[in-house]
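Chemist:
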Amino acid sequence: MADLPYQRRVVDIELDELLSGVAAVSLEGPRAVGKTRTGMERAATAYRLDLPETRAVLTADPRRVAVGDRPVLVDEWQVLPETWDAVRHAVDADRTPGQFILTGSAAPREAPVHPGAGRIVSLRMRPMSLAERGVGPPTVSLRTLLSGRRPAVEGQTGVSLDDYAREIVQSGLPGLRGLPSRAIRAQLDGYIDQVIDRDFKELGGRSVRNPAALRRWLRAYAAAVSTTVSYEKIRDAATAGHDEKPTKVTVLNYLDTLERLWLIEPVPAWAPSGTSLRRLAGGPKHQLADPALAARLLGVHEDALLAGESGMRLFPGQESLLGALFESLVGLNLRVYAQVAEARVSHFRTRGGDHEIDFIIERPDQGVVAVEVKLARTIRDVDVRHVQWLRERIGDRLLDAVVISTGPEAYRRTDGVAVVPAVLLGP
16 MADLPYQRRV VDIELDELLS GVAAVSLEGP RAVGKTRTGM ERAATAYRLD
66 LPETRAVLTA DPRRVAVGDR PVLVDEWQVL PETWDAVRHA VDADRTPGQF
116 ILTGSAAPRE APVHPGAGRI VSLRMRPMSL AERGVGPPTV SLRTLLSGRR
166 PAVEGQTGVS LDDYAREIVQ SGLPGLRGLP SRAIRAQLDG YIDQVIDRDF
216 KELGGRSVRN PAALRRWLRA YAAAVSTTVS YEKIRDAATA GHDEKPTKVT
266 VLNYLDTLER LWLIEPVPAW APSGTSLRRL AGGPKHQLAD PALAARLLGV
316 HEDALLAGES GMRLFPGQES LLGALFESLV GLNLRVYAQV AEARVSHFRT
366 RGGDHEIDFI IERPDQGVVA VEVKLARTIR DVDVRHVQWL RERIGDRLLD
416 AVVISTGPEA YRRTDGVAVV PAVLLGP
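Numbering (the numbering used here), first residue to last: 16 to 442.
(1) Which runs of the beta strand (DSSP E) at least 3 residues long sit entirely within the segment 361-385? Give them in chain order.
(2) Go ahead and pull the three-state DSSP assignment for VAL136.
(3) Output yes or no for whether 7 angstroms exceeds the beta carbon distance between ARG408 and ALA296.
(4) CB-CB under 6 angstroms to LEU349, same chain, minus the five flanking residues each way: which ones, in chain order?
(5) By the DSSP assignment, the beta strand (DSSP E) with VAL40 in it spans what residues?
(6) Just tell me which of ALA284, LEU313, LEU439 and THR159 has its CA closest to the CA of ASP204.
(7) With a 10 Å radius around its C-beta and 16 neighbouring C-beta atoms as the bar for buried, classify SER175 as buried or exposed.
(8) Could you tell me whether the Cβ atoms of PRO189 and GLY49 are closer together than 7 angstroms?
(9) By Cβ distance, which residues of its chain are closer than 6 angstroms to TRP92, with the 5 residues on each side in sequence left out?
(10) Report yes if the CB atom of ARG168 is closer than 7 angstroms to the CB atom of ALA433, and no otherwise.
(11) Identify whether TYR21 lies in helix, strand or coil by the three-state DSSP scheme.
(12) Spatial neighbours of THR51 within its chain, please: C-beta separation below 7 angstroms, excluding the five flanking residues on both sides.
(13) Is SER41 buried or exposed, if buried means 16 or more other CB atoms sit within 10 Å of its CB?
(14) What is the residue span of the alpha helix (DSSP H) that SER144 lies within?
(15) Compare the Cα-Cα distances from VAL345 to each of ASN225, LEU414, ARG412 and VAL240 and report the closest residue.
(16) On the DSSP bridge assignment, give the partners of PHE445 in chain order.
(17) Counting only the same chain and skipping the five closest in sequence on each side, list residues whose C-beta sits under 7 angstroms from that of HIS316.
(18) How long is the line joining the alpha carbons of ALA17 and GLU217, rounded to whole angstroms?
(19) Taking the continuous alpha helix (DSSP H) assigned at PRO281, which residues delimit it?
(20) Under 7 angstroms between the Cβ atoms of VAL150 and LEU440?
(21) Drop a sphere of 10 angstroms on the beta-carbon of THR397, count the other beta-carbons inside from all chains shown, and report buried for 16 or more, exposed for fewer.
(22) Would DSSP call THR393 helix, strand or coil?
(23) Where DSSP assigns a beta bridge to TYR62, which residues make up the other side?
(24) Taking the alpha-carbon of ALA416 as reference, which of PRO166, LEU194, LEU273 and LEU145 has the nearest alpha-carbon?
(25) Taking DSSP as the reference, what is the three-state secondary structure of GLN354?
(26) Distance check for THR53 and LEU329, CA to CA, integer angstroms please.
(27) Might you give, ordered along the chain, the residues of its own chain that have their beta carbon closer than 8 angstroms to the beta carbon of ARG428, omitting 5 neighbours on each side?
(28) Just the C-alpha distance for TRP277 and ALA121, rounded to the nearest angstrom, thanks.
(29) Which first and last residues belong to the beta strand (DSSP E) in which ILE409 is found?
(30) For GLY323, I'd like the list of residues in its chain whose CB is within less than 8 angstroms of its CB, leaving aside the five on either flank, ordered along the chain.
(31) Is it the case that the Cβ atoms of TYR21 and LEU157 are separated by a distance below 7 angstroms?
(32) Can we say the segment 66-76 touches the segment 133-145, given the rule of at least three CB pairs closer than 8 angstroms?
(33) Should LEU405 go down as buried or exposed, given a rule of 16 or more other Cβ atoms within 10 Å for buried?
(34) Given GLN202, which residues of its chain have a CB within under 6 angstroms of its CB, disregarding the five upstream and five downstream residues?
(35) How about PHE363 and ILE376: are their beta carbons less than 7 angstroms apart?
(36) At which residues does the beta strand (DSSP E) containing VAL102 begin and terminate?
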């Protein structure tokens, strides 16, 4: 893979902008997402802490990370957290932009002595979006939708429901792109095994007392993808047929560790201020870093998704597993595109569930784009009722309203709602 030409990602835009103004950037995200390759494209000097010989040298003297031509890459810095403080001290002495790139596949339980605020800027890297995978050229920009100008929406695509199902299971991890399906499944199995058998222990500082219980819980979490069901219900689903249930403390440890491994990335509930909206649900929407990991945990292939034969009980809010995983795929895209536009992604739901919107994209000035996701080629009036309701409540604060579909064409409805096939949405 290292011999292949580097494929620029959306995050490259952000990284270049940050390195032109700050001395050090920490590129964070799940294992195998492409952080090392992205850092190596810019580095004049590289310290790979996954290599024993490099780790031995820096263990003896962490300050050596400040030695070498700039930019310096400190890869997998969390293996030796002292390197973070060494970079921070180097930046204190010299604030010249673009000196250091740190990459990390986990956030250590014990934070560095000094967090690096004002010195080291964090940047999240995720699996590849549909645009980055080259599935089809996007014609509608999320950044433009966030402008509030209600731009023209157009474009056509031949990408089908079968193609979306294939992208769900084939993963956005760059090292897996182009591999045969059997090889992708084997690699994802190995990825999950490593998280359970090795990464979890290394980050948590202790062995998992019951790896099988962790695997069952993670599978139940994957089954709850794109829902806001309680962790108690996830725990119950994980322990069906088993007498012993993990304690609340154990479940909280699962959540904490898996989030610090960036394996799960729940979508927070939108908490608007300065509006008449009341009685809003505050629970997160469950998502894994890559919907392919959810599909693999559940043991479903592309054909099973299309046939609706997952063999699992659906949670409230799920009409089909394919629909839930399609929403997860769209959510991955939105997070990649929103981040480069300096916007945040959340979800909206009233406490009784009378009104809910899959994703809210919010600018720093609190203007929002409301996004519904529909596993459908044709969008009906009933599909836009929640965004229309929100428009009535918050007025001009709603910059735009979008329904992401599996259809062939992007257009604006007569009521102003944009309809955009998932593959046609880009940064």
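Virtual Cβ for every residue (Gly too), placed ideally from N, Cα, C. Please read these numbers as outputs of a predicted model, since none were measured by experiment.
Modeler: In short:
(1) 371-377
(2) Working through the sequence shown from its first residue, we reach residue 136 at position 121. Looking at VAL136 - three-state DSSP - the assignment turns out to be strand.
(3) Locating residue 408 in the sequence shown gives position 393, where the first residue counts as 1. Locating residue 296 in the sequence shown gives position 281, where the first residue counts as 1. Contact annotation: ARG408 and ALA296 have beta-carbon atoms that are not nearer than 7 angstroms.
(4) Your numbering for residue 349 matches position 334 in the sequence shown. Within the same chain, LEU349 has close Cβ partners VAL360 and PHE374.
(5) In the sequence shown, residue 40 corresponds to position 25, counting from 1. First-last of the beta strand (DSSP E) with VAL40: 39-43.
(6) Within the sequence shown, numbered from 1, the residue matching residue 204 stands at position 189. Of the candidates ALA284, LEU313, LEU439 and THR159, the one whose C-alpha sits nearest the C-alpha of ASP204 is LEU313.
(7) Counted from its first residue, the sequence shown places residue 175 at position 160. Exposed.
(8) Here residue 189 refers to the residue found at position 174 when the sequence shown is read from its first residue. Here residue 49 refers to the residue found at position 34 when the sequence shown is read from its first residue. Yes, these two residues count as a Cβ contact at 7 angstroms.
(9) Here residue 92 refers to the residue found at position 77 when the sequence shown is read from its first residue. Cβ neighbours of TRP92 beyond the five flanking positions: THR98, TRP99, LEU117 and GLY119.
(10) Residue 168 sits at position 153 when you count from the first residue of the sequence shown. Residue 433 sits at position 418 when you count from the first residue of the sequence shown. Contrary to the premise, residue 168 reads as Val rather than Arg in this sequence. Yes, they are a contact pair.
(11) Start at 1 with the first residue of the sequence shown, and residue 21 comes out as number 6. Three-state DSSP puts TYR21 in coil, outside helix and strand.
(12) Here residue 51 refers to the residue found at position 36 of the sequence shown. Closer than 7 angstroms at the Cβ level, and outside the excluded window around THR51, lie ASP90 and THR118.
(13) The residue given as residue 41 occupies position 26 in the sequence shown. Under this definition SER41 is a buried residue.
(14) Residue mapping note: residue 144 aligns to position 129 of the sequence shown, counting from 1. Per DSSP, SER144 belongs to no alpha helix (DSSP H) and is neither H nor E.
(15) One-based indexing of the sequence shown puts residue 345 at position 330. Selected option, being the one with the closest Cα: VAL240.
(16) Outside the displayed span of the chain (16 to 442) sits residue 445, for which this structure offers no information.
(17) Taking the sequence shown and counting its residues from 1, one reaches residue 316 at position 301. If we look at HIS316 and ignore the five residues flanking it on each side, its Cβ neighbours are VAL184.
(18) On the sequence shown, residue 17 is found 2 positions in, with the first residue counted as 1. On the sequence shown, residue 217 is found 202 positions in, with the first residue counted as 1. Confidence at ALA17 is low in this model, with a pLDDT of 48, below 50, so the placement of that residue should be treated as unreliable; the coordinate-derived value is given next. Using only the alpha carbons, I get a separation of about 27 angstroms.
(19) Reading the sequence shown from its first residue, position 266 is the one you call residue 281. PRO281 -> no alpha helix (DSSP H), and no H or E assigned at all.
(20) In the sequence shown, counting from the first residue as 1, residue 150 sits at position 135. In the sequence shown, counting from the first residue as 1, residue 440 sits at position 425. No, they are not a contact pair.
(21) As a working mapping, residue 397 is identified with position 382 in the sequence shown. A quick correction: the sequence has Val, not Thr, at residue 397. Under this definition VAL397 is an exposed residue.
(22) Locating residue 393 in the sequence shown gives position 378, where the first residue counts as 1. Here THR393 sits in coil by DSSP.
(23) As a position in the sequence shown, residue 62 is number 47, starting the count at 1. DSSP lists VAL89 as partners of TYR62.
(24) Taking the first residue of the sequence shown as 1, we reach residue 416 at position 401. Comparing Cα-Cα distances from ALA416 to each of PRO166, LEU194, LEU273 and LEU145, the minimum goes to PRO166.
(25) Counted from its first residue, the sequence shown places residue 354 at position 339. If DSSP states are grouped into helix, strand and coil, GLN354 belongs with the helices.
(26) Working through the sequence shown from its first residue, we reach residue 329 at position 314. Working through the sequence shown from its first residue, we reach residue 53 at position 38. Cα-Cα distance, rounded: 38 angstroms.
(27) Residue mapping note: residue 428 aligns to position 413 of the sequence shown, counting from 1. So the list reads ILE394, VAL399 and VAL434, once near-sequence residues are dropped.
(28) Residue numbering aside, residue 277 sits at position 262 when the sequence shown is read from its first letter. Residue numbering aside, residue 121 sits at position 106 when the sequence shown is read from its first letter. Between TRP277 and ALA121, the C-alpha separation is close to 7 angstroms.
(29) In the sequence shown, counting from the first residue as 1, residue 409 sits at position 394. ILE409 -> not in any beta strand (DSSP E); alpha helix (DSSP H) instead, spanning 400-409.
(30) Residue mapping note: residue 323 aligns to position 308 of the sequence shown, counting from 1. Taken in chain order, the residues that qualify are SER335, LEU336 and LEU337.
(31) On the sequence shown, position 6 is the one that residue 21 refers to. On the sequence shown, position 142 is the one that residue 157 refers to. No. Outside cutoff.
(32) no
(33) Counted from its first residue, the sequence shown places residue 405 at position 390. The residue in question, LEU405, is buried, as its Cβ has 16 or more Cβ neighbours within 10 Å.
(34) Within the sequence shown, the letter at position 187 stands for residue 202. Closer than 6 angstroms at Cβ, skipping near neighbours: LEU191.
(35) Residue 363 sits at position 348 when you count from the first residue of the sequence shown. Residue 376 sits at position 361 when you count from the first residue of the sequence shown. No; because the gap between Cβ atoms is not below 7 angstroms, this pair is not in contact.
(36) Start at 1 with the first residue of the sequence shown, and residue 102 comes out as number 87. Taken as a continuous stretch (DSSP letters only), VAL102 belongs to no beta strand (DSSP E), being part of the alpha helix (DSSP H) at 97-108.
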